[in-house]
Amino acid sequence: NAAFSDYSTVAGGLSNSALYNYVSINGGGYNVVYGYAGAIVGGEHNLATEWSFVGGGYHNQADGSSSVISGGYYNSVYTTYATIAGGSFNINFGTAGVVGGGRNNSVHACD
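Here you go:
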């Protein structure tokens, strides 16, 4: 485990990395936060960027500013203010879009 920046915390787990300021990883394994003020509570192989949150699960990727993945596995958010509440294999490309749960759902941006 490693917290490489100021005011960052890795509370436990295995091979977790906090790479920016004000980051928190509470446990789990192989989780990475590489954005300012991101957080991961637990699970394995999860990723969060700036101001983003992953509650837990497996291979979730909150890769949009201020995005949230509550849990599940293989869920991905690639835009700002977007949410995936849970489930598996869900993708969110829609700014402020929401996937409530389930499997193989997607949200795309509309102009």
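For the sequence shown, the working numbering gives the first residue as 1172, with consecutive numbering after it.
Glycine included, C-beta positions come from ideal geometry on N, C-alpha and C.
Source: prediction; values computed, not measured.
- Taking a contact as a CB-CB distance under 8 Å, the pair residue 1267 and residue 1253 counts as one, their CB atoms being some 6 Å apart.
- By the CB criterion at 8 Å, residue 1185 and residue 1203 fall outside the cutoff.
- For the set 1258, 1276, 1259, the Cα lying nearest the Cα of residue 1265 is the one of 1276.
- Ranked by Cα distance from residue 1193, the first of 1244, 1224, 1269 is 1224.
- Cβ contact annotation for residue 1243 (same chain, cutoff 6 Å, sequence separation greater than five): 1228, 1257, 1258, 1259, in chain order.
- Residue state for residue 1180 is assigned as strand, using DSSP reduced to three classes.
- Straight-line measurement puts the Cα of residue 1249 at about 24 Å from the Cα of residue 1174.
- With respect to the C-alpha of residue 1280, the residue from 1272, 1273, 1251 having the closest C-alpha is 1251.
- Between residue 1215 and residue 1226, the CB-CB gap reaches or exceeds 8 Å.
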